[in-house]
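Novice: For the sequence shown, the UniProt record's numbering begins at 1 and goes up steadily by one.
Encoded as structure tokens, here's the structure I'll be asking about.
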Amino acid sequence: NLVAWARPYLADKRKMYQLVDPRLELNYSLKAVQKVSQLAYNCLSRDSKSRPTMDEVVKVLTPLQDLNDLAILSYHSRLSQQGKRKKKSEGVQQRANVSSKSIRDSPLNTGKQRYR
């Protein structure tokens, strides 16, 4: 039974993240996960009168879209920064390799120096 399986994950803030699709790759707001988990937990209430109405569900979910948009922007910004740092370090390595090759191939090189 899916409800019986999900309820313990939704009730525990440390476990609720195990319900998040790993394909999202941290591309979500932690606050949104907490709010959606709480909402889902409330929807699973055994007492039907304690469950939220669809209007209440919409009121909770609508502002979360903005949080997720911010999380996506933040995620892509982090990836962009990582890519820039990687390119920069690759460029430094390429320049170092070119410098070593230039010295090694120089007509002034007597062969006594060891260059990679």
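C-beta atoms are modelled at their ideal positions from N, C-alpha and C, and glycine is treated no differently.
Straight-line CA distance for residue 53 to residue 25?
Specialist: Each residue's Cα considered, the two are about 31 Å apart.
Novice: Ordered along the chain, which non-local residues of its own chain (more than five positions away) have a Cβ less than 8 Å from that of residue 45?
Specialist: So the list reads 51, once near-sequence residues are dropped.
Novice: Do you know whose CA, among 2, 4, 16 and 3, lies nearest residue 36's CA?
Specialist: When each option's Cα is compared against that of residue 36, the closest is 16.
Novice: From which residue to which residue does the alpha helix (DSSP H) around residue 22 run?
Specialist: Counting along the chain, residue 22 falls outside any alpha helix (DSSP H), and DSSP gives it neither H nor E.
Novice: Go through its chain and collect everything with a Cβ distance to residue 7's Cβ below 8 Å, but skip five positions before and after it.
Specialist: Cβ neighbours of residue 7 beyond the five flanking positions: 41 and 44.
Novice: In whole angstroms, what is the alpha-carbon distance linking residue 61 and residue 29?
Specialist: Going by the C-alpha atoms only, they are around 13 Å apart.
Novice: Are the CB atoms of residue 161 and residue 34 nearer to each other than 8 Å?
Specialist: Nothing about residue 161 can be reported from this structure: the residues present for the chain run from 1 to 116 only.
Novice: For residue 38, I'd like the list of residues in its chain whose CB is within less than 7 Å of its CB, leaving aside the five on either flank, ordered along the chain.
Specialist: Correct list: empty, nothing qualifies.
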